[in-house]
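**Student:**
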Amino acid sequence: MATQSNRDKLIHQLENKFNDIGQDLDTHLEGLLYSEPITYWDYIKTDALLNLQLQRTTLPDEMVFIMYHQVNELLFKMILWEIEQVAHHKMLTAEFFSSRLMRISRYFDMLTSSFSIMQDGMEVDQYLKFRNTLTPASGFQSAQYRKIEFASTDLINLIDARFRETIDRNTPYEHALNHLYWQAAGKDYKTGKKSYLLSAFEEKYKNEFIVFTKEYNTINLYAKFKELPKEVQQDKKLIKAMRHYDHTVNITLVMAHYNAANHYISGDKSSGKEIEATGGSDWKKYMHPKYQKRIFFPDLWSEKELNDWGTNL
Ligand code: HEM
């Protein structure tokens, strides 16, 4: 039970709060008399959330596919939420940085370990049928996944290794975006022609990505790390958290994903016939970390570790 003096203090604080915005406290208190108590379903918005799972086929396992993608997108949102707090922090400490990185890594660990839901949780036959209704869409077109990358490292580390020499901080954003590593999944480099997967994605998100990369140019996780005083950059816990994050996103998760793709679309072993990815990429080559060599924090790995990235998998 609140004591009288506590209540007086609260009323006083409320009076100040409402005075500051030119509002009358009594009116708001009277409003409380008639307001409905909150319920779980109103607060969590369960009705809205549970009405977002709409199949395109009658195959039950399509529901697994849709819901697991939605779970991923929710976790991506949680990850971006944490990155944003580190990125906009004005007085960053090693402790805050590593605690938030560990939160982010826990989300990614969860995504990685749960990826078996994709690999083992659907019947191959059903998957091969319902996937035809979602061609040419692909998880490749997840904007939040791309934003996580932009917010994690300097843009140069996301540029296709073949073009890194030609790009620096003065390169216009639009040109740099055209040479990101993921362009390789949707571009014929001889003709420069973009696949529908890529052009539709860019039409929807390119402008948003340019604004986002500009914002994170100097405040991405790697930039924030390099801005810390030298002695803080040596903090063992922080380095461990950074390396764990880099490894989880760019090797462990990528491999879980690659193995799931292999399970469904590696081809018909008896006929040797290849199955094309819904997004149409040369995925076996594109997705493997040893080819992509996407590394968020290159200074935190030795020369040998960088060279060996993804090769022993
Ligand atoms: C059976 C399940 C899955 C299969 C077979 C699969 C397959 C693929 C393939 C082949 C690609 C390469 C691009 C293309 O040609 O489509 C790709 C890219 C991608 N997928 Fe999936 N995927 C699966 C589940 C998921 C899930 C659950 C997510 C979570 C959102 C996801 C997110 C992505 C992302 C972000 C990319 C781009 C990766 C990159 O650029 O390195 N995928 N997927």
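Everything in the sequence shown is counted per the working numbering, starting at 11 for the first residue and increasing by one. Glycine included, every Cβ here is placed at the ideal spot set by N, Cα and C.
For Ile166, is the classification buried or exposed, using 16 other Cβ atoms within 10 angstroms of its Cβ as the cut-off for buried?
**Tutor:** Residue numbering aside, residue 166 sits at position 156 when the sequence shown is read from its first letter. Exposed, because fewer than 16 other Cβ atoms sit within 10 Å of the Cβ of Ile166.
**Student:** State the beta-bridge partners of Lys197 as determined by DSSP.
**Tutor:** Locating residue 197 in the sequence shown gives position 187, counting from the first residue. According to DSSP, which records beta bridges pairwise, Lys197 is partnered with Lys204.
**Student:** I'd like to confirm something about Met101: is its beta-carbon nearer than 6 Å to some heavy atom of the ligand HEM, or not?
**Tutor:** Your numbering for residue 101 matches position 91 in the sequence shown. Between the ligand HEM and Met101, a heavy atom-to-CB distance of less than 6 Å is absent.
**Student:** Could you tell me whether any Cβ in chain E is nearer than 7 Å to the Cβ of Tyr183?
**Tutor:** The structure shown contains no chain E, having only a single protein chain.
**Student:** Based on the DSSP secondary-structure assignment, which residues constitute the bridge partners of Ile249?
**Tutor:** Taking the sequence shown and counting its residues from 1, one reaches residue 249 at position 239. None; Ile249 has no bridge partner.
**Student:** For the ligand HEM, any of its heavy atoms closer than 6 Å to the Cβ of Trp192?
**Tutor:** In the sequence shown, the residue the question calls residue 192 occupies position 182. Because some heavy atom of the ligand HEM lies under 6 Å away, the Cβ of Trp192 counts as near it: yes.
**Student:** Helix, strand or coil for Ile114, going by three-state DSSP, please let me know.
**Tutor:** Sequence index remark: in the sequence shown, residue 114 carries index 104 (1-based). Looking at Ile114 - three-state DSSP - the assignment turns out to be helix.
**Student:** Can you tell me whether His79 sits near the ligand HEM, meaning its C-beta is under 6 Å from at least one heavy atom of the ligand?
**Tutor:** Indexing the sequence shown from 1 puts residue 79 at position 69. Yes - the ligand HEM has a heavy atom lying nearer than 6 Å to the Cβ of His79.
**Student:** In terms of alpha-carbon separation, which member of Gln193, Asn29, Asn180 lies closest to Arg172?
**Tutor:** Counting from 1 along the sequence shown, the entry for residue 172 is found at position 162. Residue Gln193 is the option with its Cα nearest to Arg172.
**Student:** Within a Cβ cutoff of 8 Å, which residues of the same chain sit near Ile31, ignoring the five residues on either side of it in sequence?
**Tutor:** As a position in the sequence shown, residue 31 is number 21, starting the count at 1. Contacts found: none.
**Student:** Does the distance between the C-beta of Ala147 and the nearest non-hydrogen atom of the ligand HEM fall short of 6 Å?
**Tutor:** Taking the sequence shown and counting its residues from 1, the one referred to as residue 147 is at position 137. No - the ligand HEM has no heavy atom lying nearer than 6 Å to the Cβ of Ala147.
**Student:** Whose C-beta lies closer than 7 Å to the C-beta of Leu24 among residues of the same chain, with five residues either side of it excluded?
**Tutor:** Here residue 24 corresponds to residue number 14 of the sequence shown, with the count starting at 1. For Leu24, where only same-chain residues beyond five positions count, the Cβ hits under 7 Å are Leu35.
**Student:** What separation, rounded to the nearest whole angstrom, lies between the Cα atoms of Gly289 and Ile48?
**Tutor:** Your numbering for residue 289 matches position 279 in the sequence shown. Your numbering for residue 48 matches position 38 in the sequence shown. Rounded to the nearest angstrom, the two C-alpha atoms are 44 Å apart.
**Student:** Where do the N-terminal and C-terminal ends of the alpha helix (DSSP H) with Leu190 fall, by residue?
**Tutor:** Numbered from 1 along the sequence shown, position 180 holds the residue referred to as residue 190. Run containing Leu190: none; DSSP gives neither H nor E here.
**Student:** Could you give the residue range of the alpha helix (DSSP H) that holds Thr56?
**Tutor:** Start at 1 with the first residue of the sequence shown, and residue 56 comes out as number 46. Note, Thr56: alpha helix (DSSP H), 56 to 59.
**Student:** Apply the 10 Å Cβ neighbour rule to Glu72 and answer buried if 16 or more other Cβ atoms are within range, or exposed otherwise.
**Tutor:** Position 62 of the sequence shown, counted from the start, is the residue given in the question as residue 72. By the beta-carbon neighbour count (other beta carbons within 10 angstroms, threshold 16), Glu72 is buried.
**Student:** Does the pairing of the region 205 to 220 with the region 141 to 152 give three or more beta-carbon distances under 8 Å?
**Tutor:** yes
**Student:** Less than 8 Å between the CB atoms is what I'm expecting for Leu187 and Lys216, so what's the real figure, rounded?
**Tutor:** Along the sequence shown, one-based indexing puts residue 187 at 177. Along the sequence shown, one-based indexing puts residue 216 at 206. Yes, they are in contact, since the Cβ atoms of Leu187 and Lys216 sit about 7 Å apart, within 8 Å.
**Student:** Ends of the alpha helix (DSSP H) at Ala233?
**Tutor:** Counting from one through the sequence shown, the residue named residue 233 turns up at place 223. Its alpha helix (DSSP H) spans residues 231 to 237.
**Student:** Less than 7 Å between the C-beta atoms of Val81 and Gly131, yes or no?
**Tutor:** Working through the sequence shown from its first residue, we reach residue 81 at position 71. Working through the sequence shown from its first residue, we reach residue 131 at position 121. Going by C-beta atoms, Val81 is not nearer than 7 Å to Gly131.
**Student:** Below 7 Å CB to CB, which residues in the same chain sit around Gln154 once its five sequence neighbours on both sides are set aside?
**Tutor:** Position 144 of the sequence shown, counting from 1, holds the residue named residue 154. For Gln154, where only same-chain residues beyond five positions count, the Cβ hits under 7 Å are Glu83, Phe86, Lys87, Leu90.
**Student:** Report whether the distance from the Cβ of Met73 to the nearest heavy atom of the ligand HEM is below 6 Å.
**Tutor:** Taking the first residue of the sequence shown as 1, we reach residue 73 at position 63. Outside the cutoff, so no.
**Student:** Looking at the ligand HEM, does it come within less than 6 Å of Phe150, judged from the CB to the closest heavy atom?
**Tutor:** In the sequence shown, residue 150 corresponds to position 140, counting from 1. True, at least one ligand heavy atom lies under 6 Å from that Cβ.
**Student:** I want to know whether the region 264 to 276 touches the region 228 to 247 - three or more CB-CB distances under 8 Å.
**Tutor:** no
**Student:** Using only CA atoms, which one of Phe160, Lys250, Thr13, Leu64 lies nearest to Asp309?
**Tutor:** In the sequence shown, residue 309 corresponds to position 299, counting from 1. It is Lys250 whose Cα lies nearest to the Cα of Asp309.
**Student:** If you check the beta carbons only, do Asn230 and Ser152 fall under 7 Å apart?
**Tutor:** What you label residue 230 is simply residue 220 of the sequence shown in a count that begins at 1. What you label residue 152 is simply residue 142 of the sequence shown in a count that begins at 1. Not a contact, by the Cβ cut-off of 7 Å.
**Student:** Taking 6 Å as the line, does the beta carbon of Trp91 fall inside it for any heavy atom of the ligand HEM?
**Tutor:** For the purposes of this step, residue 91 is identified with residue 81 of the sequence shown, where counting begins at 1. For the ligand HEM, not one heavy atom lies less than 6 Å from the Cβ of Trp91.
**Student:** Rounded to a whole number of angstroms, what is the C-alpha to C-alpha distance between Lys324 and Ala104?
**Tutor:** As displayed, the chain neither begins before 11 nor continues past 323, which places residue 324 out of reach and without an answer.
**Student:** What does the alpha-carbon distance come out to for the pair Val242 and Ile93?
**Tutor:** Reading the sequence shown from its first residue, position 232 is the one you call residue 242. Reading the sequence shown from its first residue, position 83 is the one you call residue 93. One C-alpha to the other measures close to 19 Å.
**Student:** Going straight from the alpha carbon of Phe118 to that of Val264, what length do you get?
**Tutor:** Within the sequence shown, numbered from 1, the residue matching residue 118 stands at position 108. Within the sequence shown, numbered from 1, the residue matching residue 264 stands at position 254. When rounded, the distance between both Cα atoms is 11 Å.
**Student:** Using the Cβ count rule (16 or more neighbours within 10 Å means buried), how would you classify Ile285?
**Tutor:** Residue 285 sits at position 275 when you count from the first residue of the sequence shown. Label assigned to Ile285: exposed.
**Student:** At which residues does the alpha helix (DSSP H) containing Ile305 begin and terminate?
**Tutor:** In the sequence shown, residue 305 corresponds to position 295, counting from 1. Per DSSP, Ile305 lies in no alpha helix (DSSP H) and is assigned neither H nor E.
**Student:** Short of 8 Å in beta carbon distance, which residues of its chain neighbour Lys236, apart from the five on each side in sequence? Order them along the chain.
**Tutor:** By 1-based counting over the sequence shown, the position of residue 236 is 226. If we look at Lys236 and ignore the five residues flanking it on each side, its Cβ neighbours are Gln243, Asp309.
**Student:** Would you tell me roughly how many angstroms separate the C-alpha atoms of His189 and Tyr232, rounded to the nearest one?
**Tutor:** As a first step, residue 189 must be located in the sequence shown, where it is residue number 179. As a first step, residue 232 must be located in the sequence shown, where it is residue number 222. Between His189 and Tyr232, the C-alpha separation is close to 20 Å.
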